[in-house]
Every structure is written in structure tokens, then in C-alpha cells.
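Q: As they're listed, the protein sequences go chains A and B.
Taking my numbering, the leading residue of the first sequence gets 1, the next gets one more, and so forth.
Taking my numbering, the leading residue of the second sequence gets 1001, the next gets one more, and so forth.
Built from N, CA and C at the ideal position, the CB exists for glycine as well.
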Amino acid sequence: MESSVQSQTRPTESAYRSSHIQNGDRIAAIREEMEYLNTIGKSFVAAIDRFQVHRALLAALQELYSFAACSILLKGEPFDLSIIPCYPLSQAFLAAMIERIASAASVIDFPFVSVKELAIASYLDAPDELSIAQEQDKIGGTEICSFLSIPLTVENRIIGMLSLFDEREGTFDSELLKLTTMIADYAAVALENVRLRERETALWRQAEIGRQRLELIISSMAEGLLIANERGGITLLNLSARHLLAQARVDLKQEIPLRELATSSNVSWLPRLVEIIDQGLKGETVMNQELIAGEAGESVPLTLSISAAPLHDTSQSRSRPIGVVAVLNDVTANKQIEKLKDEFVSVVSHELRSPLTAIKGYTQHLIRRIERRLRKTQQEYLQQGKAITTADIPESYDLRSLSIVQSQADHLERLVNDLLDLSRVQWGKLHLHYSSFYLADVLSESVRSVQASAEQHTIYLDIATQDTSIVADKMRLSQVIGNILDNAIKYSPHGGQVMVKLEKQTDEYLVSITDQGIGISPEYLDHIFERFYRVRNTASLQYSGIGLGLYVTKAIVEGHGGRIWVMNNEGLGCTFSFTVPATGRSD
Amino acid sequence: MSNMSEHSSSDSREQIAEAYLKVLRLIDDRVTPFLGKVTTRVLVQGAAKKVSSTYPFLHFLIKMPYTEIVPAVMQEQLSGVSTVELAAALDALLQECFAGLKELTGDLIAPPIYDEVTRELEQLH
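1. Thinking C-beta only, is Val450(A) closer than 7 Å to Leu485(A)?
2. For a test of your reading of the model: does the CB of Gly210(A) fall under 6 Å from any non-hydrogen atom of the ligand FMN? Yes or no.
3. Name, in chain order, the residues that DSSP records as bridge partners for Cys574(A).
4. Quick one: is Val5(A) buried, meaning 16 or more other Cβ sit within 10 Å of its Cβ, or exposed?
5. Could you name the residues of chain A that Leu1078(B) contacts, counting a contact when the two beta carbons are closer than 7 Å?
6. Taking only beta carbons into account, state which residues of the stretch 78 to 109 of chain A come closer than 9 Å to chain B, listed in chain order.
7. Can a CB atom of chain A be found closer than 7 Å to the CB of Val1038(B)?
8. For Leu239(A), which residues in the same chain have their Cβ closer than 7 Å to its Cβ, ignoring the five residues on either side in sequence?
9. Taking the continuous beta strand (DSSP E) assigned at Thr201(A), which residues delimit it?
10. Between Arg476(A) and Leu432(A), which are expected to be in contact by the criterion C-beta below 8 Å, what is the C-beta distance as a whole number of angstroms?
11. Taking C-beta pairs closer than 8 Å, name the residues in chain A that Ile1027(B) reaches, listed in chain order.
12. In three-state terms, what does DSSP make of Pro301(A)?
13. Tell me, please, whether the stretch 230 to 237 of chain A touches the stretch 256 to 272 of chain A by the rule of three or more beta-carbon pairs shorter than 8 Å.
14. If you run the structure through DSSP and keep just helix, strand and coil, what is Leu162(A)?
15. Note down, in chain order, every chain A residue with its Cβ under 7 Å from the Cβ of Phe1060(B).
16. Of all Cβ atoms in chain A, is any one closer than 7 Å to the Cβ of Glu1116(B)?
17. Below 8 Å on C-beta distance, what does Val1042(B) contact in chain A?
18. Are at least three pairs of beta-carbons, each pair with one atom in the stretch 200 to 217 of chain A and one in the stretch 314 to 328 of chain A, less than 8 Å apart?
19. From the DSSP output, in three-state form, read off Ile404(A) for me.
20. To the nearest angstrom, report how far apart Leu57(A) and Ser315(A) are at their CA atoms.
21. So Lys75(A) contacts chain B; which residues on that side make the cut at Cβ distance below 9 Å?
22. Report the residue from His312(A), Thr303(A) and Leu328(A) whose alpha carbon sits nearest the alpha carbon of Asn334(A).
23. Quick check: Leu1104(B) and Val1051(B), are their CB atoms within less than 7 Å of each other?
24. Please report the residue range of the alpha helix (DSSP H) in which Thr1040(B) lies.
25. Measure the C-alpha to C-alpha separation of Lys252(A) and Leu226(A) and round it to an integer number of angstroms.
26. Would His411(A) be called buried (16 or more neighbouring beta carbons within 10 Å of its own) or exposed?
27. Given this structure, state the Cα-to-Cα distance separating Met287(A) from Ala452(A), to the nearest angstrom.
28. Would a check of beta-carbon distances place Val1070(B) closer than 7 Å to chain A?
29. DSSP on His457(A), reduced to helix/strand/coil?
30. Just checking: is the beta-carbon of Ile1109(B) within a distance shorter than 7 Å of some beta-carbon in chain A?
31. Assuming Met499(A) is part of the alpha helix (DSSP H), what are its boundary residues?
32. Have a look at Gln247(A), Leu419(A) and Ser401(A) and flag the residue whose alpha-carbon is nearest the alpha-carbon of Gly294(A).
33. Is there a Cβ from chain A that is less than 7 Å from the Cβ of Leu1035(B)?
34. Does Thr1067(B) come within less than 7 Å of chain A when only Cβ atoms are used?
35. Can you list, in chain order, the residues of its chain whose CB lies under 7 Å from that of Asp588(A), leaving out five sequence neighbours each side?
36. What is the rounded straight-line gap between the Cα of Ala391(A) and the Cα of Gln364(A)?
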């Protein structure tokens, strides 16, 4: 048994020793392979451009084989073919290489590329040391006898193809094919990294060019541009904005919140700027806000028009604004023109008023004289027993002509009065003379007066309150009601009803005047109370007026501390409404 | 290369399809360790693209990786194709696969795999 055991033991020990030696050899081979892969891996990782990748690849492949050249064909528009020779190659060899590359590329589903295209796109990336060999006139053969092509893959994508060529037969070995594929994988990743790095650099350059262009545009803009951060501190002021805001004599661009600067400095207009920026930071867009940035006492101070909009972080939807962008325009010249125009209108309207008063007075006088004469003539005929009508007397034609002169003079007077009121509003001299009266009486009087000259229309008055006592400027309120009623009649060319309603609300009265006229297009509603504004549509072209009535009306209502607005009715006409405090202006 | 296998008239379409699926998987098993999975798949898809002009019913192999093809899919795609035509088409596909492999690696790995595939096909019939 023992010998049997011994005889059984000996071969086992021998097999164990043999296996141990084999394992040792295997481990040594693996270690050697790992060291090799580690070395080439490092050289690929260190490569920062494609030429360094080519060098690393050539070095790694030359550890395995002695060959004539390798090539790298990369996908893209256009193709990129690099030929890396190990020694100087003949033209015939190079041509044969390109032909074989084109053929191999067709196998791995490369977009079609012709030999000619490849030849044009090819780039010979010869190592520096080859120049010495070339001097010694050592040019290789003309025929390819061994070749190997391995697709370059990254994350399941084929990005290109590595090809190896030699003029001798049997250069490449199936035993080393796996290792060659591994090297190709390293090269593929390294080339992809280089491509991404090049792309990143190109994008960075592009972004930098875009940034520089934007900076140039911003600095060249005639308009001032201001950008504030989420705290309201100015982060960017272009040259124009710096000039426009220079009068502040405060360094605005130091990212200190404007609110703090406004508190610590005595710049009168900074609080207004803070207000505009704060509106932007609340997410509101403000348009054409006026800011008087000039010195007090100047006849036309530097006036800026500011539009501001919130800046949102595009990566976050519905977020708070991260800042505000504001555009500043110098509108001082416009203000100067407006001032000149206002002065002109003021002077002209005053100058017109005197001759107009004379025309009206003398017309009135002539009308009375002719009326007297007509009555006298009629009486004389009656005394003679002759029946005669006024129309038969020649002077009646003069009377009719004078009535037309009087009517037109009245119209002219209303226009001049509107112009005078405009000047008063512009210069802040629309003084209101408060007294106590009943608003219902003013409404009744206005309705009666307008109704007298509007036969096609029926004006209804609805007084929905017992108490209508008010402290206000009676004449001006009458003007307001008259203006709105005149418009209601004027813009209801086919007649119809006009409803005037008076209601009492807590401390104020609400007057609404509803017509059945042509209404107002929605796009004009916001502008209807602007001075000289006339709705420009074909329906309203036929109506006379200079666009001042509603402007003055608004000024009177707001002068009383009230509000005025207009809304289109559903279907027909519109409703003008205004409020007026019952006991005079509170402030 | 000559035709890899002669199919008898008694072979059904299903048998032929299954036989070629098996050899495609064999090619995959043999080539992948050398050239990787992506290259092997692209090689077969490239071959399918080339033969699909003659055999349009093999067009589905261009878009669908052959490793995901089960006999049921193959039968569905190949319904209406005669067994003779199917055998010729799949044989042409294999020939193109080997032509492609030779184009890439010359005679490094193609000849032994070709022999193995031929043997496999012979055994299947």
C-alpha cells in the first residue's frame, strides 16, 4: 500500500512542480504584458495632439512588429488620412497603401471614399529621424506583401481604421493580433480625446470671438447699456452709459447695490434708477421710463429714457431674475423740441385768442343788429298789411352767413381753448377752482346742452345715488363730461342711444358714458388719452379734431385725484368711465 | 471561395435559416476575441449590405444585429423565399463575410475560421 501510495505520490509532486513552474511562467508573461500595456497606455494618455498619438502608436506597434508603415483613416467631413512611415517609402508603395485602405474601408461600412479622394486627403506624418535616412537614399520596395487593418472603435462606434503594411510576407502574426487590437483601442481613445480637445478648443475660440464681438458691439452702441446683478449692483456699463450717467460723479460700476449708493449719495435721480432696476428684478419689463439726470435749474435738463428687462438664467425655468439689462437713450433733444413746440402752441393759442374774441364779439353784435332790422322790416310790412316771411327779406341771408361765422368761431374757440389747456397741463398750470355743487346738476346741464345739437341721438341720464354733492372744479368737470359726450355723439354717426350713469362708491363718484358708436380698435386703447393722438383707421378719418380733448380730460380727472379709462362694449360702441373724489383731492 | 455547403432539397427553410444563424454565431465567437464585437458586427452588416442588392430579403440584417436574431424573426423576414434562393443568399452572405475578413486581416485568421464554418455546415445537414 505504502509503495503504491509512494508510487502514486511521486508523479503528483512532479505534476505539482511542473504546474507551479508553468504558473510562474504564466504570471511572468502576464506581468510583462501588463507592464508593456501600462507603458504604451501612459504614452497614449500623455499625447495631447494627434501627432503625439501617432508617435505613441508607432512606438507601440514597433515593439510587436518590424513593418514599413501604418496609417490612420478617421471618419469625418472631410476624411482624415495620416500615413506614418517607418522608413522612406516609394511612391508606388504609398499608392498601393491608399488603394488597400480604400478597399478595407468599404468592408467596415465606412462612407464611400474613392482612392483619388483618399490620395488628396492623405497626410504623410513621417518621424523626424526619417529625413536622415532619406538623405542616405534608402527607399523601400514597391509592393505590399503583408497588411492588417483594424477598425478603431470608441464606445461601440467605429471612428476610423488603423492599417499596417509591409513589403515582406508574413510580417503580421495572429498570436499578436489581440494585442494589436488592444493598441488600436488605446489609439482610438487617445485620438477621440484629441478630437474632443480640438473641438473644445475650437468652441472656446468661437465663444471667445463671439464674446469679443459682443463686447465691441456693446462698447460701440450709441445707446447706453447697463447690466445689474441680482442684488441691484451694476456689473456692466458701456461707454455710452458711462457718459450718460457721468453726472452722478459716483463710481456706479463697483457692484455695490444701487439702493445703497442712492442712500449714501445725494444724486437726486438715483432713487428713480433704483426703482426701475427693482421693477426689473421683480420680473417686470419696463418701457421708456423717463429719468431726469441733468442738473437742477437747467432749462432742459439731461433726460434719459430707460427700458429695462429681467435677465433669467436659461438653465432654470421660472426662476427669479439673476439680473436686469437696461437700455438708456438720451431724449434731451426730443425734450427740447417738445418744449419749443409747447412754447409755440402756448404763444400761438394766446395770440389767436384776442382776434378770436373780437371776431366773436363783432359777429354777435352784427347778428343782433340784423335780427333787430329784420324784426323792424317785418313789423313795417305787417303795418302795411302785407304778409311776409323772414326768408323774403334779403338781410336774412346775411344773418345765415353770420350764424355760420359764429358757429365756426365757436369751433375755433374750442380748439384754442384745448390748446391753451394743453399748455396749462404741460406747464403744470392747470389750476382747479374747487367749490361745492351737485354733480347731478352738472350732468343734467351737460346732457341737455349736448342733446340740443344731437337730434339723431337719445341721451339717457341715470342717477343711481341720492347724494350727489361734491367739492370739485365745476367748470372743469363740465368740460370733462362735455368732451366725452361730444366724442360719444361724434363717433356714433348713425345715431343711437348714449347712456350717462352716475354712481356713488365709498368716497368717490363713478361716471360712465356708454355709446353705440364705432368703438375703438384694441390696439389704440392704450394711446387714446395721449396728446395729439388720433385713431388712424378709415372709419375715424372722417371725424374732425386735433386729439387734445381726451388728453385734457384725463389731466382734469387726474388733477382731481380721480381715474379715467375706456373699454369697448361687447358688440357695439365703448364706455368711458371716470371717478372723481367726492370731497376734493385728498393729497 | 466555392459554395460552403450543398443543401438537399429536403431541407426546410427553417432548417437552412437555423443552420446559417449558427454559423454566424460561430463567426462571431471566433472573430470577436481578435477584432472586437463592434468590428465583427459591422463586418456582417457590411456583408449584408453588399448582398442585399441581389437578395433584398436579407436587408433586415443591415439594421438588426445578427446576435439579436432568433429563428422566429428570421422565418418572419424570410417568408415566401424559396429554400434554394435562401440557401444561395445566406451562402453569399458568408462568402462576403470572409471576403471582408480577408480584406482586413489577410490570411491571419480567416482560413481556419472558414474551415471550421464549412465543417459546421456539413455537420448540420
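A: On the basis of the supplied data:
1. Cβ distance < 7 Å, so Leu485(A) and Val450(A) count as in contact.
2. Looking at this structure, you won't find the ligand FMN or any other ligand, since it has none at all.
3. Asn568(A)
4. In this predicted model, Val5(A) has a pLDDT of only 35, less than 50, meaning its place in the structure is not dependable; the value taken from the coordinates is given anyway. Exposed.
5. The premise fails here: Leu1078(B) is roughly 23 Å from chain A at the closest Cβ pair, so nothing lies under 7 Å.
6. Arg100, Ser103, Ala104, Ser106, Val107, Ile108 and Asp109
7. Yes, Val1038(B) lies at the interface with chain A (some Cβ there is under 7 Å from its Cβ).
8. Ser219
9. Residue range Leu177 to Ser220 is occupied by the alpha helix (DSSP H) that includes Thr201(A), with no beta strand (DSSP E) assigned at that position.
10. About 6 Å; that satisfies the 8 Å criterion.
11. By Cβ distance, chain A contributes nothing, its closest Cβ being about 14 Å from Ile1027(B), past 8 Å.
12. coil
13. yes
14. Strand, per DSSP.
15. Under the 7 Å cutoff, chain A gives no residues; its nearest Cβ is about 16 Å from Phe1060(B).
16. no
17. Ile108, Asp109, Pro151 and Ile158
18. no
19. DSSP places Ile404(A) within a helical segment (H, G or I) once states are collapsed to three.
20. 42 Å
21. Result: empty, since nearest Cβ-Cβ is about 12 Å, beyond 9 Å.
22. Thr303(A)
23. no
24. Lys1037 to Val1051
25. A quick correction: the sequence has Leu, not Lys, at residue 252(A). If you take the alpha carbons of Leu252(A) and Leu226(A), they lie about 10 Å apart.
26. Counting C-beta atoms within 10 angstroms of its own C-beta, His411(A) has fewer than 16 neighbours from the protein chains shown and is therefore classed as exposed.
27. 45 Å
28. Taking Cβ atoms only, chain A never reaches closer than 7 Å to Val1070(B), which makes this a no.
29. strand
30. yes
31. Careful: Met499(A) lies outside any alpha helix (DSSP H), inside the beta strand (DSSP E) at Gly496 to Gln505.
32. Gln247(A)
33. yes
34. no
35. This structure does not reach residue 588(A), given that chain A is present from 1 up to 587, and the question cannot be answered.
36. 20 Å
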